[in-house]
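Enquirer: Those protein sequence lines, which keep their order, are chains A, Z, W and P.
Letter by letter, the first sequence follows residues 8 to 363 of the working numbering.
Letter by letter, the second sequence follows residues 8 to 363 of the working numbering.
Letter by letter, the third sequence follows residues 8 to 363 of the working numbering.
Letter by letter, the fourth sequence follows residues 8 to 363 of the working numbering.
Note that beta-carbon positions come from the ideal geometry of N, C-alpha and C, so glycine has one too.
Remember, it's a predicted structure, so these values are computed and weren't measured experimentally.
Dropping a structure here in structure tokens format, bear with me for questions.
Number of protein chains: 4
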Amino acid sequence: MSGNSFGRLLRLTSFGESHGPGVGGVLDGCPSGIELSRADIQADLDLRKPSLGSTSTKRKESDKVRLLSGVFRGLTTGMPIAFYVVNEDQRSRDYGELAEVFRPGHADWTYFQKFNGIRDYRGGGRASGRETIARVAAGTIAKKILQRHKIVIFAGCMELGGIPISPDETDLAGAVTRPYFAASSTAPAMWDARVEEARAAGDTLGGIVAIMAGNVPAGLGEPVFDKLEAVLAHAVMSVGAVKGVEVGNGFASAQLTGAQNNDPLLPGGKFASNRAGGILGGISSGQDIVLRVAVKPIASIARKQHTVDKQDRPREILIGGRHDLSAIPRIIPVLSAMTALALADALLLQKRMDPC
Amino acid sequence: MSGNSFGRLLRLTSFGESHGPGVGGVLDGCPSGIELSRADIQADLDLRKPSLGSTSTKRKESDKVRLLSGVFRGLTTGMPIAFYVVNEDQRSRDYGELAEVFRPGHADWTYFQKFNGIRDYRGGGRASGRETIARVAAGTIAKKILQRHKIVIFAGCMELGGIPISPDETDLAGAVTRPYFAASSTAPAMWDARVEEARAAGDTLGGIVAIMAGNVPAGLGEPVFDKLEAVLAHAVMSVGAVKGVEVGNGFASAQLTGAQNNDPLLPGGKFASNRAGGILGGISSGQDIVLRVAVKPIASIARKQHTVDKQDRPREILIGGRHDLSAIPRIIPVLSAMTALALADALLLQKRMDPC
Amino acid sequence: MSGNSFGRLLRLTSFGESHGPGVGGVLDGCPSGIELSRADIQADLDLRKPSLGSTSTKRKESDKVRLLSGVFRGLTTGMPIAFYVVNEDQRSRDYGELAEVFRPGHADWTYFQKFNGIRDYRGGGRASGRETIARVAAGTIAKKILQRHKIVIFAGCMELGGIPISPDETDLAGAVTRPYFAASSTAPAMWDARVEEARAAGDTLGGIVAIMAGNVPAGLGEPVFDKLEAVLAHAVMSVGAVKGVEVGNGFASAQLTGAQNNDPLLPGGKFASNRAGGILGGISSGQDIVLRVAVKPIASIARKQHTVDKQDRPREILIGGRHDLSAIPRIIPVLSAMTALALADALLLQKRMDPC
Amino acid sequence: MSGNSFGRLLRLTSFGESHGPGVGGVLDGCPSGIELSRADIQADLDLRKPSLGSTSTKRKESDKVRLLSGVFRGLTTGMPIAFYVVNEDQRSRDYGELAEVFRPGHADWTYFQKFNGIRDYRGGGRASGRETIARVAAGTIAKKILQRHKIVIFAGCMELGGIPISPDETDLAGAVTRPYFAASSTAPAMWDARVEEARAAGDTLGGIVAIMAGNVPAGLGEPVFDKLEAVLAHAVMSVGAVKGVEVGNGFASAQLTGAQNNDPLLPGGKFASNRAGGILGGISSGQDIVLRVAVKPIASIARKQHTVDKQDRPREILIGGRHDLSAIPRIIPVLSAMTALALADALLLQKRMDPC
């Protein structure tokens, strides 16, 4: 109810603040018998580390994950799997002014309102991007469940700072190996210049991420309120900085006619096209699930901004500290993890339909 | 778990198929003491009736709602409120071929896969738009809860068949009085021609809907996984034909810089702009909540389409029966209702934070 | 959240008041392909009718159930199954004084407090035993799911008005055919005299019910908080008039030693005894699940009682209307239904553990 | 869904195994602004330590709790509160045989069945009593919430090894200070002899615990399925070794008549008696809530027992290691914590009914 859990049968509960002792999570509902090691999770966490690409923060942390429960002799036991990462680099002095002044575009003011004036303002507290560590760690486990069914998830950057990848160059499968997790090999060079321009201007950039899930069996998702696209939208819109999501043709479908937008069915569970993005009537069709996600520019710019303080007085703020120039690329492993959690949950849920 | 419920403290469970005895729902969690009559709900149901605008089906139904529980002497009692609409016009003969052949763009094939070959194929069964009656009826009650706090919701059509409303003509508050629930007074005339063109071609149209919620207090929504925009996205993406959702600047924010996209705070809980669409860090900011929703063209076109049958043989299908030419305008009261359900739920949930 | 739903994957939401239009429920999560007819449910509802045994009310109702959704051509479709019973015999004039005066032992006063002074006082409103119609109807469907796995449930009266059945005469399987759903053939004669005595005194009786579930596979239930006995206790304690529940040796085990209370394991998934009542560590062991439930005497006695009214003035009340002399036997099909709902839910939940 | 969470608005998720790295939990939904320190939780954890009374294990652990999140400058922030206790004393060599042989009366065999042959058998793994650390830690926080409303909870031992306390000597409020958390000052001496007798016989003892919650306002609990007694029964029956629960007169009420069992109402929200145990129609009445809980004798006796091994061969087992002679007294802080969690959850849930 209070927002810190996601999923139905496979349910992640996360905890931790940016400058508290650490961040972590508990994933309940993972079936027994899945091979899992600390190193599996660490490998995914390393993908969201500050060192990747040219747009990242200089904050240095080892982010070594510890497995606290639910795994015995290298196998999951069906018990809750808890994981935890200590916050090693807590330079609280960077954030002193934040006790008093609300940063534009952040959760500062709304948390202050919601929680009756009480909040951990250090580095954004709970609203910091560090909470995504728990999403990524749980996503590793979700992907292990999906792998049993050969389901794969690819995610990559399609557009950064207004510069898109041309559709015919798109290669999502290779994105994980490229700077920015770019969905084409030529994009990073273009984006480097845009990034330098923004950096020089003390400004930040947004972008668009594409996510594709392949080998998803037909039948996942539920009718009416928990349509698969609704659950996926919930999953990705819950990630900070995400401002929009579309499936298949998405917003473009609003301009098409039915004849242009329908996917004819072919024998063998095939379709002549995939304008629907792999979901029909809320249920997966067996085609690739295709999402696009809009990521806003990071709110922490290196410029003076107008705002107010706790006493409701007008103030100027110049945000110090170490900040990313874009949520791209670090958000991409997070979006991939959320997609994995949603799909693995749907997969386990569908097992109740198996013939007895 | 099985997809037919929505909400946490204010929870709607719906039931019913297009050509079964009827459709209805149960709304649990409504506080006691709210004035509610059958007529209140009927008025909202009438807004989604086939007669509105020039794009609607000719199917004639009275859709008279009955209140089965939870109201005593004109006031809600805090008990579950059940409502029910009999399916009066069940011309099952229109749908005979649908027992064997899967319609492109519909849930036919995916339901067949999910439910082990069993489905009520008459008029789409559970996947029919008739299930939205329960959403609208529950939305009436949600709006009554919101009204206690002066919260209002407006929704209107911003674009139909690729023809948008110009931003400076937008008037969402007046949409409910216009054909197509158009968000400007000049749009319907433009759209009439587009509709006739599509009708002549045996084709269908999509569109874009804007939703605005005003007077929402700061503090609604939950951190991390149940951010207000995530819950709203879940709510609207669960409506059939919706393929995308964005909040505030949405996809456009991906092309802006942080300096362009941040909303400076002003004294008195005000902001200099509302690019965020009324939500910061997942929590309402007190500004208008602004959503845009992409609606695909209706899949039931009046043309032959390629598909397969239950025996996986290639087939051509020409869908008969009575169908809308666009989900616009009927989807608009549904989207408004889902927004109301999500916000009223968030409002009740926030009451746990009240000082004791 | 608001108390009108039960279950996780198989979830019943019920609605309706004693003297409103009717009572009903929606069962979501039933797998597709189960044979189900209106008559199946009606047969179980008839078991809880006033005509059974010599302890029942004279209130006459046909209680004809209608199936509103979720069944097509005699098979469940996987969609929510809604059922509804019209309240035919609404003699509201019997209950006029109840608008002002709180009956001892009933929910009158506590509902008044909880719901800010608003309640449907006619016949107990939502707190009436008529809400159990939804439990029994849903229980029919749960039992159909259990039957696929040969699981059977028996329930019977073990003690009425302080007169117990001797253990060596206990025959739960035959209880459904006897007056009082007595767990022995000789008990009804003993109990008739006790009932007449109570009736003459204007008083009411309590009793003890035993429930047994056979052929339950090992492995149902969840660790820690949702142990099978915890969920079963929740299920039966939610029935009005139930004041206690025990599993296996129950309260008697508090007086035994470990050597006396342990069940030695035998090869083949057998045990040398069943003191545990079929559950170990919260998980079913494959042995019979055995519960005992304490049922208090009905609060509506035919004697003057001291109480207060809405203005908090002392009052005497003599409850008129038609009332049962004991919750036995009518509560027994209800307890059986709740047990079935809890077990069918656990069964569906365990399917997520099936090897992929 | 998978059993490791409890509560609705105030929700505990726990994790950890007896001989893994540690045990802990996450409590989500605690309001902001409550004073909370590590020491508060430690004080309650110390109450369930092995050193109390004469019936406890010799296992030595410091069980130092760490607070990982959700508290800032001594106040809760409304964010999830995570706590963690390292398992310091992991003598796994004591448990070698348990990899192969199932202990009677434990979860060994049923976990083996449920989780497809995979389990952490060291010290009972997840089914060990060490999981109750998370319950007690969360209970501390729940009690802090209850204290805002002056609600207090007392729990004590009423009967041990078949030797009860006489009703007129009962003093629950003082139990926390006595050996065995005895509900009378004279009981411990009686029980010491019984304990020595059992120890000499290599046997174990059960008992009965009473729980009382005072100052509970009228109006907590929900109608129908989530009656307060149903939720409380769920809470306490989820604790290992609990085999029965009753509220108020409980099983004794089955032998009373309505005239004997009803509680007459008096002006001022008072009642002439409290046979109902503080709950009417599932809703708290403002009177003391009174529960009694049956605790079975611990299954780990120091005698040879018949059982089977993983290959389904008959075996004898003599359980070594360090074990308690009774779940009394250590279970009592656990039952108190579960009661607190259930009541604090009900309290927060009721706030949605506050006038807006």
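Please report how far the alpha carbon of residue 70 of chain Z lies from the alpha carbon of residue 91 of chain Z, in whole angstroms.
Expert: Using only the alpha carbons, I get a separation of about 9 Å.
Enquirer: According to the Cβ coordinates, are residue 291 of chain Z and residue 232 of chain A closer than 8 Å?
Expert: Not a contact, by the Cβ cut-off of 8 Å.
Enquirer: Kindly list the residues whose CB is nearer than 6 Å to the CB of residue 337 of chain A, restricted to its own chain and excluding five residues on each side of it in sequence; keep chain order.
Expert: Taken in chain order, the residues that qualify are 55.
Enquirer: Compile a chain-ordered list of the residues in the region 18 to 50 of chain W whose CB is closer than 7 Å to at least one CB of chain P.
Expert: Listed by position, the residues of the region 18 to 50 of chain W near chain P (Cβ gap below 7 Å) are 21.
Enquirer: Could you pull out every unbroken beta strand (DSSP E) segment of at least 3 residues lying fully inside the region 140 to 179 of chain A, listed in chain order?
Expert: Whole beta strand (DSSP E) segments, 3+ residues: 159 to 167.
Enquirer: Going along chain A in order, which residues have a C-beta closer than 9 Å to the C-beta of residue 210 of chain W?
Expert: In chain order: nothing, as chain A lies at least about 44 Å away.
Enquirer: Quick check: the Cα distance between residue 6 of chain W and residue 324 of chain Z, rounded to an integer number of angstroms?
Expert: The structure shown does not extend to residue 6 of chain W, since chain W is modelled only from 8 through 363, so no value can be given for it.
Enquirer: Show which residues of chain A have a CB atom less than 8 Å away from the CB atom of residue 365 of chain P.
Expert: Chain P is shown only over 8 to 363; residue 365 of chain P falls outside these bounds and no answer can be derived.
Enquirer: Would a check of beta-carbon distances place residue 197 of chain Z closer than 8 Å to chain A?
Expert: By this cut-off, residue 197 of chain Z is not an interface position.
Enquirer: Just tell me which of W:73, W:88, W:109, W:46 has its CA closest to the CA of residue 313 of chain W.
Expert: The residue with the shortest Cα to Cα distance from residue 313 of chain W is W:109.
Enquirer: Taking the alpha-carbon positions, what's the residue 10 of chain P to residue 131 of chain Z distance?
Expert: Taking the straight line joining both Cα atoms gives about 37 Å.
Enquirer: Does residue 89 of chain A come within less than 8 Å of chain P when only Cβ atoms are used?
Expert: Taking Cβ atoms only, chain P reaches closer than 8 Å to residue 89 of chain A, which makes this a yes.
Enquirer: Is residue 26 of chain W helix, strand or coil when you go by DSSP?
Expert: If DSSP states are grouped into helix, strand and coil, residue 26 of chain W belongs with coil.
Enquirer: For residue 286 of chain W, which beta-bridge partners are listed by DSSP?
Expert: Paired residue(s): W:291.
Enquirer: Just how far apart, CA to CA, sit residue 316 of chain A and residue 23 of chain Z?
Expert: Their backbone Cα atoms lie some 52 Å apart in a straight line.
Enquirer: Smallest Cα separation from residue 152 of chain W: which of W:137, W:202, W:255, W:352?
Expert: That would be W:352, whose Cα lies nearest to the Cα of residue 152 of chain W.
Enquirer: In terms of alpha-carbon separation, which member of A:18, A:32, A:15, A:39 lies closest to residue 360 of chain W?
Expert: Checked all of A:18, A:32, A:15, A:39; the closest Cα to residue 360 of chain W is A:39.
Enquirer: Can you tell me where the alpha helix (DSSP H) holding residue 121 of chain Z begins and where it ends?
Expert: Residue 121 of chain Z -> alpha helix (DSSP H) spans 115 to 121.
Enquirer: Take residue 127 of chain Z as the anchor and find which of W:198, W:78, W:47 has the nearest alpha-carbon.
Expert: Of the listed residues, the one whose Cα sits closest to residue 127 of chain Z is W:78.
Enquirer: Is any beta-carbon of chain A found at less than 8 Å from that of residue 258 of chain Z?
Expert: So yes, residue 258 of chain Z belongs to the interface.
Enquirer: Please state whether DSSP places residue 346 of chain W in a helix, a strand or coil.
Expert: Correct three-state label for residue 346 of chain W: helix.
Enquirer: Chain P partners of residue 82 of chain Z, CB-CB under 9 Å?
Expert: By Cβ distance, chain P contributes nothing, its closest Cβ being about 14 Å from residue 82 of chain Z, past 9 Å.
Enquirer: For the alpha helix (DSSP H) that residue 332 of chain W lies in, which residues bound it at each end?
Expert: Counting along the chain, residue 332 of chain W falls outside any alpha helix (DSSP H), and DSSP gives it neither H nor E.
Enquirer: Give me whichever residues DSSP pairs with residue 212 of chain W in a beta bridge.
Expert: Answer by DSSP bridge pairing, in chain order: W:333, P:264.
Enquirer: Can you name the residues of chain P whose CB is closer than 9 Å to the CB of residue 133 of chain A?
Expert: Those within 9 Å of residue 133 of chain A in chain P are 76, 77, 84, 85, 86, 87.
Enquirer: If you follow the beta strand (DSSP E) that residue 325 of chain Z is in, where does it begin and where does it stop?
Expert: Start and end: 321 to 325.
Enquirer: Tell me residue 21 of chain W's beta-bridge partners as DSSP assigns them.
Expert: Note: residue 21 of chain W sits in a beta bridge opposite W:32.
Enquirer: Using the beta-carbon of each residue, which ones in chain W are nearer than 7 Å to residue 352 of chain P?
Expert: Result: empty, since nearest Cβ-Cβ is about 10 Å, beyond 7 Å.
Enquirer: Would you grab the beta carbon distance between residue 237 of chain P and residue 245 of chain W for me? Rounded to a whole angstrom, and I think it's under 8 Å.
Expert: That pair is a contact at about 4 Å.
Enquirer: Kindly provide the ranges of any alpha helix (DSSP H) runs that are 4 or more residues long and lie completely inside the region 233 to 258 of chain P, ordered along the chain.
Expert: Within the region 233 to 258 of chain P, the complete alpha helix (DSSP H) runs of at least 4 residues are 235 to 244.
Enquirer: What are the partner residues of residue 90 of chain P, as DSSP defines its beta bridges?
Expert: For residue 90 of chain P, which the question treats as bridged, DSSP gives the partners P:32, P:74.
Enquirer: Do we get a CB-CB distance below 8 Å when we pair residue 269 of chain W with the residues of chain Z?
Expert: Not one chain Z Cβ lies under 8 Å of residue 269 of chain W.
Enquirer: From this set, Z:350, Z:234, Z:29, Z:80, which residue's C-alpha is nearest residue 222 of chain Z's C-alpha?
Expert: Per the Cα distances, Z:350.
Enquirer: According to DSSP, which residues form a beta bridge with residue 219 of chain W?
Expert: Partner(s): W:161, W:297.
Enquirer: Can you tell me which of the three DSSP states residue 358 of chain P falls into?
Expert: If DSSP states are grouped into helix, strand and coil, residue 358 of chain P belongs with the helices.
Enquirer: Using a Cβ cut-off of 8 Å (strictly closer), state whether residue 12 of chain W contacts chain P.
Expert: Interface residue, yes.
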